[in-house]
Ligand code: SF4
């Protein structure tokens, strides 16, 4: 296993210092930086204007790429693409690209599996093997931009892994993505989604960047929430909502609540009223997503409610003055929900 530092994790200033340290002219730092972030090369050999000797010297000390694409799927409508990347230990990392007219969003993973075992989530079905490094997260976006030749406008940390259990690496990755010298993606277009890790929300409130916060809520009372998110036993709903209210007051930013609609579980009109009572007064929007069964393991027998039930649910919330969307299921035919491709890979053993 390599112990080399990854070039993506070096600031432009740190790269310039290194170039100075090895007695090279300062302009070489700009050239190398351009090859990494603008031309997005996959190998040192492609850095054509850098002398071979210098390329070899840098390669001995730094890593340039740690992911390779091992599987790629495109949904029937062509609007959702999914990649399974492999890191240097040949562990699977999934990323999804969602193409809309006005934006191209990459859903990034931050973990090799996830220790939190949310009931509805395919990521929880495989073994949790650890956290991803900042470079492994940034590379998911760089690789997708390179492969598709499309500029990524938005990033959501909503793939495999709980971002606030890998806080420092996720924030470092978000900063590299946001930096004008990195990927130049606006902070407001980078969203970090948590299943409710309260300590992470508290730290996030104090970050200077305008990154956005999303909360996987999925139920409006403690008992039901524990069924979908077992870690809610530790991070209780009443404390979570208090933390979100403090976050809103401190940052004056809107929060997004994600709410998976599950038939007969949390999609009744009473649930909509309970949800409204829970979050009223928080500047927010709610994304409702009809449940997408985990193909590899549907022993729960859960299913999405019929469209009229989904519409009645969102209608109640909307009538109370809260912005709510009923997200179209995107890429269900390619298992686009969190962790599904990875889980499938593990089951298939390939
Ligand atoms: S939903 Fe998120 S936090 Fe929960 S198991 Fe899946 S990846 Fe982990």
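Numbering (this note's numbering), first residue to last: 32 to 381. All C-beta atoms, glycine included, are put in the ideal place defined by N, C-alpha and C. None of the values given here were measured: they were computed from a predicted structure.
Rounded C-beta distance between residue i and residue j? I'm assuming under 8 Å.
| i | j | result |
| --- | --- | --- |
| residue 204 | residue 165 | 4 Å |
| residue 55 | residue 80 | 13 Å between Cβ atoms; not a contact. |
| residue 355 | residue 313 | Contact doesn't hold; Cβ gap of about 13 Å is too wide. |
| residue 59 | residue 73 | The pair is not a contact, with the Cβ atoms about 20 Å apart (cut-off 8 Å). |
| residue 123 | residue 117 | 6 Å |
| residue 137 | residue 126 | 6 Å |
| residue 224 | residue 282 | Their Cβ separation, rounded to whole angstroms, is 16 Å, which puts residue 224 and residue 282 out of contact at 8 Å. |
| residue 180 | residue 134 | Incorrect: roughly 16 Å between the Cβ atoms, too far for contact. |
| residue 229 | residue 268 | About 11 Å; that fails the 8 Å criterion. |
| residue 98 | residue 44 | About 25 Å separates the two Cβ atoms, so there is no contact after all. |
| residue 12 | residue 231 | For residue 12 there is no data in the structure shown, the boundaries of the chain being 32 and 381. |
| residue 291 | residue 151 | 6 Å |
| residue 289 | residue 247 | 5 Å |
| residue 178 | residue 100 | 7 Å |
| residue 35 | residue 93 | 6 Å |
Could you give the residue range of the alpha helix (DSSP H) that holds residue i?
| i | result |
| --- | --- |
| residue 103 | No alpha helix (DSSP H) contains residue 103, which is instead part of the beta strand (DSSP E) from 99-105. |
| residue 128 | Premise fails: residue 128 lies in the beta strand (DSSP E), 123-130, not in any alpha helix (DSSP H). |
| residue 321 | Not the alpha helix (DSSP H): residue 321 falls in the beta strand (DSSP E), residues 315-321. |
| residue 305 | 300-310 |
| residue 112 | Unbroken run through residue 112 is the beta strand (DSSP E), 111-117; no alpha helix (DSSP H). |
| residue 172 | 165-179 |
| residue 43 | 43-52 |
| residue 281 | 268-282 |
| residue 92 | 83-92 |
Tell me where the beta strand (DSSP E) around residue i begins and ends.
| i | result |
| --- | --- |
| residue 254 | Looking at the DSSP string, residue 254 is not in any beta strand (DSSP E); the run it does join, the alpha helix (DSSP H), is 253-259. |
| residue 188 | 185-188 |
| residue 355 | 354-357 |
| residue 71 | Residue 71 -> no beta strand (DSSP E), and no H or E assigned at all. |
| residue 344 | It is not in any beta strand (DSSP E) - residue 344 instead sits in the alpha helix (DSSP H) that spans 338-350. |
| residue 159 | Taken as a continuous stretch (DSSP letters only), residue 159 belongs to no beta strand (DSSP E), as it is neither H nor E. |
| residue 292 | 286-292 |
| residue 136 | 135-138 |
Around the C-beta of residue i, are 16 or more other C-beta atoms found within 10 angstroms, so that it is buried, or is it exposed?
| i | result |
| --- | --- |
| residue 171 | buried |
| residue 213 | buried |
| residue 192 | buried |
| residue 75 | buried |
| residue 107 | exposed |
| residue 103 | exposed |
| residue 162 | buried |
| residue 148 | exposed |
| residue 39 | buried |
| residue 142 | buried |
| residue 227 | buried |
| residue 295 | exposed |
| residue 239 | exposed |
| residue 91 | exposed |
| residue 259 | buried |
| residue 70 | exposed |
| residue 48 | exposed |
| residue 211 | exposed |
| residue 182 | exposed |
| residue 335 | buried |
| residue 144 | buried |
| residue 190 | buried |
| residue 57 | exposed |
| residue 273 | exposed |
What I want to know is whether the C-beta of residue i ends up closer than 7 Å to one or more non-hydrogen atoms of ligand 3.
| i | result |
| --- | --- |
| residue 147 | With respect to small molecules bound, the structure shown includes ligand 1 and not ligand 3. |
Point to revise | 3-residue-minimum beta strand (DSSP E) runs that sit fully inside the stretch 207-251, ordered along the chain | key: 221-225 and 243-247
Point to revise | Stretch-stretch touch, CB-based, cutoff 8 Å, three pairs: the stretch 296-315 with the stretch 245-259 | key: yes
Point to revise | Sufficient close CB pairs (3 or more, under 8 Å) joining the stretch 317-324 to the stretch 271-285 | key: no
Review point. Just checking, does the stretch 331-349 make contact with the stretch 289-302 on the three C-beta pairs under 8 Å criterion?
Key: yes
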